[in-house]
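Numbering-wise, my numbering comes out as the position in the sequence shown, counting from 1, plus 128. Everything on this sheet refers to the single structure shown next.
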Amino acid sequence: MGGGVERAHIVADSTADIAEVLRSCLHRRPSSIITCGGLGSTADDMTLFAVASALGLEMVLHPEAKEWVRKRYEELAEACAVDSAEMTPAREKMAYLPAGAEPLPNRVGAVPGVRCPAEDSEIICLPGVPAEMRGVFEESLSPLWREQFGAAGG
129 MGGGVERAHI
139 VADSTADIAE
149 VLRSCLHRRP
159 SSIITCGGLG
169 STADDMTLFA
179 VASALGLEMV
189 LHPEAKEWVR
199 KRYEELAEAC
209 AVDSAEMTPA
219 REKMAYLPAG
229 AEPLPNRVGA
239 VPGVRCPAED
249 SEIICLPGVP
259 AEMRGVFEES
269 LSPLWREQFG
279 AAGG
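As structure tokens, this is what we get:
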């Protein structure tokens with residue numbers, strides 16, 4: 129799409145380590161930082177908490193994200209892919225975003241992607257499941273980045 133990748137980091141599932149790498153990246157003032165994984169319902173899914181920590185933000189329940197998660201679990205329950213559509217605390221966790229962040233639709237899975245403004249940059253958080261990552265990228269990010277980078281590469 130015409131954007132360049134300057135660096136890539138692999139970081140352990142540690143809020144402190146992820147936040148430290150994000151702060152280091154922000155210091156270089158990139159237009160975007162992309163994370164993959166760590167958005168789900170389990171205790172080791174801590175990427176958004178690290179983003180909030182790196183930016184000094186609170187985590188807040190985002191009503192639109194909560195509604196997306198709720199609707200998705202209703203669809204999954206109707207398809208017998210999950211036992212119930214109940215909005216459990218683990219499922220609700222997926223709707224907590226850093227204050228000021230925007231959820232990005234995920235038509236493949238349940239957890240939304242996230243776009244978070246960060247000084248002169250933005251942090252884009254994508255699900256780690258490849259099909260979900262691709263879905264969020266193609267639906268939500270491709271149109272934005274085509275506008276930002278132009279038609280180069282695609």
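Where is the CB? At the ideal position from N, CA and C, for every residue including glycine.
Sequence-distant residues of its chain with Cβ nearer than 6 Å to residue i (five each side left out)
i: Val188; result: Ala227
i: His137; result: Val149
Run of the alpha helix (DSSP H) containing residue i, from where it starts to where it stops
i: Ser142; result: From DSSP, Ser142 is part of no alpha helix (DSSP H); its letter is neither H nor E.
i: Glu260; result: Pro258 to Val264
Boundaries (first-last residue) of the beta strand (DSSP E) holding residue i
i: Glu250; result: Ser249 to Leu254
Beta bridge counterpart(s) of residue i as assigned by DSSP
i: Pro245; result: Glu250
Same chain, Cβ closer than 7 Å to residue i, neighbours up to 5 away in sequence not counted
i: Glu267; result: Pro233 and Arg235
i: Ala223; result: Leu189, His190, Ala193, Lys194 and Val197
i: Ala246; result: Leu154 and Leu183
i: Ile162; result: Ile252 and Leu254
Cβ neighbours of residue i in the same chain (closer than 8 Å, five flanking residues each side left out)
i: Ala259; result: Val236 and Gly237
Q: Give a yes or no on contact between the region 140-153 and the region 178-187, applying the rule of three or more CB pairs nearer than 8 Å.
A: Yes, since at least three Cβ pairs between the region 140-153 and the region 178-187 fall closer than 8 Å, the two stretches touch.
(Q) Extract the residue ranges of the beta strand (DSSP E) inside the region 159-243, only unbroken runs of 3 or more that lie entirely within it. (A) Within the region 159-243, the complete beta strand (DSSP E) runs of at least 3 residues are 160-164, 187-189, 224-226 and 230-232.
Q. Should the region 192-207 be called in touch with the region 152-167, which here means at least 3 C-beta pairs below 8 Å?
A. The region 192-207, when compared against the region 152-167, does not touch it at the 8 Å Cβ threshold.
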